[in-house]
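Residue 1090 is where the sequence shown starts when you use the numbering used here, and the numbers rise one by one after that.
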Amino acid sequence: QWPVYWDRTRKTRPGPLSKMGEAPVPASKKPRQRGFLNTLLCCFGSNNQGASNPVITEENGQYSPKLQGKFLLPPVRHQDLHKICLIIDLDETLVHSSFKPISNADFVVPVEIDGTVHQVYVLKRPYVDEFLQRVGDAYECVLFTASLAKYADPVADLLDKWGVFRSRLFRESCVFYRGNYVKDLGRLGRDLHRVVIIDNSPASYIFHPDNAVPVGSWFDDMSDTELRDLIPFFEKLSKVDDVYSVLRNSNNAAATAATGGGGGMVSPAFPTPPGTQMNGLLQNS
1090 QWPVYWDRTR
1100 KTRPGPLSKM
1110 GEAPVPASKK
1120 PRQRGFLNTL
1130 LCCFGSNNQG
1140 ASNPVITEEN
1150 GQYSPKLQGK
1160 FLLPPVRHQD
1170 LHKICLIIDL
1180 DETLVHSSFK
1190 PISNADFVVP
1200 VEIDGTVHQV
1210 YVLKRPYVDE
1220 FLQRVGDAYE
1230 CVLFTASLAK
1240 YADPVADLLD
1250 KWGVFRSRLF
1260 RESCVFYRGN
1270 YVKDLGRLGR
1280 DLHRVVIIDN
1290 SPASYIFHPD
1300 NAVPVGSWFD
1310 DMSDTELRDL
1320 IPFFEKLSKV
1330 DDVYSVLRNS
1340 NNAAATAATG
1350 GGGGMVSPAF
1360 PTPPGTQMNG
1370 LLQNS
């Protein structure tokens, strides 16, 4: 029998966006300061947002997807035909980056902004190498980040030494909805019953919460083990025919526990993925 990784009665699940584009903030946890890349690059790209990101319309207050031509991903490779598609976020999920020099930085990436080259210091989250290698064998892995390609692409080059990412999607592949860059999984060109996203920001998957495995935002805690702890869950999940059969049950259990209805295992065969309290600030990364 699989272990229960966390007590759902003490954690929160991301709720729906309000009309102002905000998510509920757990009262017991103070918001973390926004990461520099989220702040800088969101501002840097805001002036031309409309030209590069699909504009979202709403019908009766509901999100109405407007597919524009081709899908975001190319056809599935032959070796990935029977694999689930795993969408993996970058900033605060796999790495944390800063302009401030970091003595133990894993990478230093030059990024040109307005004609000036800035050095970006990148820390890898503990166990990220093991996580990528293990899920890379079991899934069709796609990097999907709301950051700009000029920063994220060279970081991915250094991070992914094994060619785990079959494709890379950046900010221009997001949709701009109520002030947030959202990753619309319906535009990927994959069966949503066979798509999973791991992301520290609930705003990123607000259109498809039942496809998500939340992960805590990571900044610099070198004792963090969340990626390692998630490996058994993802290895088990890779063998199911329909991810909703697991993730919808998990999400329902979280909602029930939050209202005092209990929690724990989602099924005898699956461990509950490690839960985390979300950042108060919605950080699209």
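The beta-carbon is built from N, C-alpha and C at its ideal position, and this holds for glycine as well.
In this text the structure is predicted, and so the values were computed from the model without any measurement.
Exposed or buried, which one is Arg1166 when buried takes at least 16 other CB atoms within 10 Å? Translated into positions along the sequence shown, residue 1166 becomes position 77. With fewer than 16 other Cβ atoms within 10 Å, it is exposed.
By Cβ distance, which residues of its chain are closer than 6 Å to Ile1286, with the 5 residues on each side in sequence left out? Against the sequence shown, residue 1286 aligns to sequence position 197. These residues qualify, in order along the chain: Ile1176, Tyr1294, Asn1300, Ala1301.
Please work out which residues of its chain come closer than 7 Å, Cβ to Cβ, to Phe1196, disregarding the five sequence neighbours upstream and downstream, and give them in chain order. The residue you call residue 1196 lines up with position 107 of the sequence shown. Counting only Cβ-Cβ distances below 7 Å, and skipping sequence neighbours, we find Val1211, Val1244, Leu1247.
Can you tell me the Cα-Cα spacing of Asp1169 and Leu1237, whole angstroms? Sequence index remark: in the sequence shown, residue 1169 carries index 80 (1-based). Sequence index remark: in the sequence shown, residue 1237 carries index 148 (1-based). Asp1169 and Leu1237 have their C-alpha atoms some 27 Å from each other.
State the start and end residues of the unbroken alpha helix (DSSP H) segment that holds Leu1247. Walking along the sequence shown from the start, residue 1247 turns up at place 158. DSSP places Leu1247 inside the alpha helix (DSSP H), whose first and last residues are 1238 to 1248.
Got a sec, what are the start and stop residues for the alpha helix (DSSP H) Leu1319 sits in? Walking along the sequence shown from the start, residue 1319 turns up at place 230. Here the alpha helix (DSSP H) through Leu1319 covers 1315 to 1326.
How about Thr1182 and Asp1288: do their beta carbons lie closer than 8 Å? By one-based count along the sequence shown, residue 1182 stands at place 93. By one-based count along the sequence shown, residue 1288 stands at place 199. The Cβ atoms of Thr1182 and Asp1288 sit closer than 8 Å to each other.
Beta strand (DSSP E) containing Leu1221: first to last residue? Translated into the one-based positions of the sequence shown, residue 1221 becomes position 132. Note, Leu1221: premise wrong, no beta strand (DSSP E); alpha helix (DSSP H) at 1217 to 1227.
Give me whichever residues DSSP pairs with Phe1160 in a beta bridge. Here residue 1160 refers to the residue found at position 71 of the sequence shown. According to DSSP, which records beta bridges pairwise, Phe1160 is partnered with nothing at all.
Return the residue from the list Lys1250, Glu1315, Lys1272, Pro1298 that minimises the CA-CA distance to Arg1337. The residue given as residue 1337 occupies position 248 in the sequence shown. Among Lys1250, Glu1315, Lys1272, Pro1298, the Cα nearest to that of Arg1337 is on Pro1298.
For Ser1256 versus Val1231, is the C-beta spacing smaller than 8 Å? Locating residue 1256 in the sequence shown gives position 167, where the first residue counts as 1. Locating residue 1231 in the sequence shown gives position 142, where the first residue counts as 1. Ser1256 places its beta carbon less than 8 Å from that of Val1231.
Candidates Tyr1266, Ser1312, Lys1239, Pro1303: closest to Asp1203 by CA position: By one-based count along the sequence shown, residue 1203 stands at place 114. For the set Tyr1266, Ser1312, Lys1239, Pro1303, the Cα lying nearest the Cα of Asp1203 is the one of Lys1239.
Would you grab the beta carbon distance between Ser1327 and Ala1194 for me? Rounded to a whole angstrom, and I think it's under 8 Å. One-based indexing of the sequence shown puts residue 1327 at position 238. One-based indexing of the sequence shown puts residue 1194 at position 105. For a cut-off of 8 Å, the C-beta gap from Ser1327 to Ala1194 is around 32 Å, too long to register as a contact.
Tell me Lys1213's beta-bridge partners as DSSP assigns them. If you number the sequence shown from 1, residue 1213 lands on position 124. BP columns for Lys1213 point to Val1184.
Please name the residue, chosen from Gly1305, Tyr1266, Glu1229, Asp1178, that lies closest to Glu1324 on a Cα-to-Cα basis. Translated into the one-based positions of the sequence shown, residue 1324 becomes position 235. The residue with the shortest Cα to Cα distance from Glu1324 is Glu1229.
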